[in-house]
Structure formats: C-alpha cells, structure tokens
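Counting from 1, position 104 in the sequence shown corresponds to residue 104 in the UniProt record's numbering; the numbering is continuous, with no gaps.
Scroll down for the structure; my scribbles are underneath it.
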Amino acid sequence: MTSKPDADVVEFVIKSYPDHDGVTEQIPHMAPGDKILAEDPAGAITDHGTGVFLAAGAGITPFIAILDKHAREGVTGDRLIFANKTDHDIILRDKWDTMDGVTPTYVISGQADTDYIYGKIDKAMLQDLLNDLNQTFYICGPGGFVDAMRDALTDLSVSKSQMVIENGW
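If you want it as structure tokens, here you go:
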C-alpha cells in the first residue's frame, strides 16, 4: 500500500512476477467491480526525515509514500539506491528520475548490458556512492538484501540507531 496517510483513496503498487503462479498474475484479468479480500497491512516503516533509501525490487513500496511526502514538503537531500535484476524491473523509474529532492542510483545485478551500475550493493559500493554516513538509512527488500545492507552499514560504522529497517519484501 503506497497511499499517503491523508489520502482519500487507497493506492497500491503491485509487482507482477510472470514466472510465479500467484495472485499478481490474476490482476490483469480483473474487471471494475470485482471484489478482493484484503488483510491488515503488514509492516510499519516510518518517516525519520531525510536519508539514504536502500531498496531491492518490490522493497521500494514502503518508501513511495515517504519520498512523495518529502517531495510535497520541499525536502531535499534524499538518496535512493535501488537494486533490481534488470533495467525493466525498476518500479516507477520515471517517477524517481523526475522527483524533486531525491537523487536515484540504480544498481542492476542480472543484466550486464545495463545503462546503470552493474553488480550488487555491498560495502565497497556504498563507500563509493556515499559521502556522508552520518544520516538515516532506510532499508527494505528481501531478507538477504536487508541482512547484507545491515552488515555492510555496520562494517562502515553506521549505528543501528541510524537504520530504519523493513523486512520481508
């Protein structure tokens, strides 16, 4: 769910995985008026101000509302480092490329001919990309990504109190 807290509508960003047989594959076949059953939202990542947003794949989802809010309020200085397998997988790329106040960096791990950085985000890459480690780091993505980012930041002497973590994406 990516709705702003004060929005009159509920907004979702749903990534479809064509090689998985799951609910996201049914969405294109739905029609207006079809009913869905939704459970309570999971996770509760909160806005702690300007920072570095480390996302992998659908892990961008909880950051959408926060970065939208920052842009609306004229906040500057956010950095988005967004890992994906291919260029095509980058969710809302046009939005990030044009959003005021955020500098996006895309890291692609499964497509060698990418227009972006090829590889995986690790300690060395974070050292190269970041000038200031004295800020808030938001982390969201699959469990392995979250663990790797936590470990890399810890190795760079970033304290746990500087990390805002959402697991399970």
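For glycine and all other residues, C-beta sits at the position ideal for the given N, C-alpha and C.
> So, is residue 192 buried or exposed, given that buried needs 16 or more other C-beta atoms within 10 angstroms?
Replying inline: Examination of residue 192 is not possible in this model, given that the chain is present from 1 through 169 alone.
> Going straight from the alpha carbon of L37 to that of A124, what length do you get?
Replying inline: The residue given as residue 37 occupies position 37 in the sequence shown. The residue given as residue 124 occupies position 124 in the sequence shown. Whole-angstrom Cα-Cα distance: 44 Å.
> For T105, which beta-bridge partners are listed by DSSP?
Replying inline: Residue numbering aside, residue 105 sits at position 105 when the sequence shown is read from its first letter. T105 pairs with I81.
>> Using 8 Å for Cβ pairs, my map puts T50 next to D68. What's the rounded Cβ distance?
In response: Position 50 of the sequence shown holds residue 50. Position 68 of the sequence shown holds residue 68. Actually they are not in contact, since the Cβ atoms of T50 and D68 sit about 14 Å apart, beyond 8 Å.
> What first and last residue would you give for the beta strand (DSSP E) that runs through M163?
Replying inline: As a working note, residue 163 is residue 163 in the sequence shown. Per DSSP, M163 belongs to the beta strand (DSSP E) from 163–166.
> What are the partner residues of G49, as DSSP defines its beta bridges?
Replying inline: On the sequence shown, residue 49 is found 49 positions in, with the first residue counted as 1. The partner list for G49 (beta bridge, DSSP) is empty, contrary to what the question assumes.
>> Less than 8 Å between the beta carbons of G57 and G141, yes or no?
In response: To locate residue 57, count along the sequence shown from 1; it is residue 57. To locate residue 141, count along the sequence shown from 1; it is residue 141. Yes, they are a contact pair.
>> Using CA atoms only, rank isn't needed, just tell me which of G74, M149, Q111, K120 is closest to A83.
In response: Start at 1 with the first residue of the sequence shown, and residue 83 comes out as number 83. Nearest of G74, M149, Q111, K120 to A83, Cα basis: K120.
> If L129 sits next to I91, beta carbons under 8 Å apart, how far is it from one beta carbon to the other, in whole angstroms?
Replying inline: As a first step, residue 129 is located in the sequence shown; it is residue number 129 there, counting from the start. As a first step, residue 91 is located in the sequence shown; it is residue number 91 there, counting from the start. Actually they do not touch by this definition, with Cβ atoms about 20 Å apart.
> Who does A55 pair with in a DSSP beta bridge?
Replying inline: The residue labelled residue 55 in the question sits at position 55 within the sequence shown. A55 pairs with F82, C140.
>> Just to confirm the assignment, what range does the alpha helix (DSSP H) spanning A65 have?
In response: Within the sequence shown, residue 65 is the residue found at index 65, counting from 1. Here the alpha helix (DSSP H) through A65 covers 61–72.
> Hey, how far is the Cα of L153 from the Cα of F53?
Replying inline: As a first step, residue 153 must be located in the sequence shown, where it is residue number 153. As a first step, residue 53 must be located in the sequence shown, where it is residue number 53. Approximately 13 Å, taken between the alpha carbons.
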